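Below: the structure, in structure tokens.
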Amino acid sequence: MTDVQYPIFGTCQCGGVRYQLLSPPIKVMACHCKECQKLSTSAFSLTALVSADSVVFEGELKQWERLAESGNKNYAKFCPICGNRIYHFNPDQPAVIKLKAANLSDTRILQPEAHIWVSQKQDWFHIPDGVPQYDKQP
Ligand SMILES: [Zn+2]
Ligand SMILES: [Zn+2]
Numbered sequence: 401m402t403d404v405q406y407p408i409f410g411t412c413q414c415g416g417v418r419y420q421l422l423s424p425p426i427k428v429m430a431c432h433c434k435e436c437q438k439l440s441t442s443a444f445s446l447t448a449l450v451s452a453d454s455v456v457f458e459g460e461l462k463q464w465e466r467l468a469e470s471g472n473k474n475y476a477k478f479c480p481i482c483g484n485r486i487y488h489f490n491p492d493q494p495a496v497i498k499l500k501a502a503n504l505s506d507t508r509i510l511q512p513e514a515h516i517w518v519s520q521k522q523d524w525f526h527i528p529d530g531v532p533q534y535d536k537q538p
């Protein structure tokens, strides 16, 4: 993917939230947990782990908070108008955020390097050969 140009711009469905991703993600993962199925209204969600200082956000974001099974805090940021989920983060580890990057303008970077929570995966979805998979959160 040498022709991917940074920054990559992202926007929620209504355009109220806009952001720029300045540099490549640390890692891209597909999460098959039930929470991500609800969140994505699909079989899994795509998450790009990025360093917090590599994203610039514009527009109002609202926050929703829950505890992950691990006991870690999982805070979610979303657009208050269209409800599009923008990113998740743990306030105890603020240097890294989990960008819900399907709303980037160039989604070629979103090739999962790992599949997690495979224990809750939809039966019909087959993980490509050679991609690491984990029953839960690794
Ligand atoms: Zn919106
Ligand atoms: Zn998940």
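Note that the numbering used here has the sequence shown beginning at 401, numbered continuously upward. Don't be surprised by glycine CBs; every beta carbon is placed ideally from N, CA and C. Treat the numbers as computed from the prediction; the structure is a model and nothing was measured.
Checklist entry - What is the rounded straight-line gap between the Cα of Ser470 and the Cα of Asn490? => result So the two alpha carbons sit approximately 12 Å from each other.
Next on the checklist: Under 8 Å, with one C-beta from each stretch per pair, do the stretch 506-524 and the stretch 455-466 reach the 3-pair mark?
Outcome noted: With a cut-off of 8 Å, the stretch 455-466 and the stretch 506-524 do not count as touching, because too few Cβ pairs lie within range.
Checklist entry - Can you name the residues that DSSP bridges to Thr561? => result The chain is shown only over 401 to 538; residue 561 falls outside these bounds and no answer can be derived.
Item to check | Residues near His432 in its chain [Cβ-Cβ closer than 6 Å; skip 5 each side] | outcome: Phe444, Trp517, Val518, Gln520, Lys521
Next on the checklist: Do Tyr419 and Phe478 count as a contact pair if the criterion is CB distance below 7 Å?
Outcome noted: no
Checklist entry - Using DSSP with H/G/I as helix, E/B as strand and the rest coil, what is Ile509? => result helix
Checklist entry - Taking 6 Å as the cut-off, is the CB of Asn503 close to at least one heavy atom of ligand 1? => result Not one heavy atom of ligand 1 lies closer than 6 Å to the C-beta of Asn503.
Checklist entry - If you draw a straight line from the alpha carbon of Cys436 to that of Asp403, how long is it in whole angstroms? => result 30 Å
Checklist entry - According to the neighbour-count rule (16 or more other Cβ atoms, all chains shown, within 10 Å of its Cβ), is Lys427 buried or exposed? => result exposed
Checklist entry - What is the DSSP secondary structure of Val539, counted as helix, strand or coil? => result There is no way to answer for residue 539, as the model of the chain reaches only from 401 to 538.
Item to check | Burial state of Ala501 (16 or more Cβ within 10 Å) | outcome: buried
Item to check | Local Cβ density within 10 Å of Cys412, reported as buried at 16 or more and exposed below that | outcome: buried
Item to check | Best match in Ser451, Ile481, Ser442 for proximity to Leu499 [C-alpha to C-alpha] | outcome: Ser451
Checklist entry - By Cβ distance below 7 Å, which residues in the same chain neighbour Gly483 in space, the five residues on each side in sequence not counted? => result So no residue of the chain qualifies.
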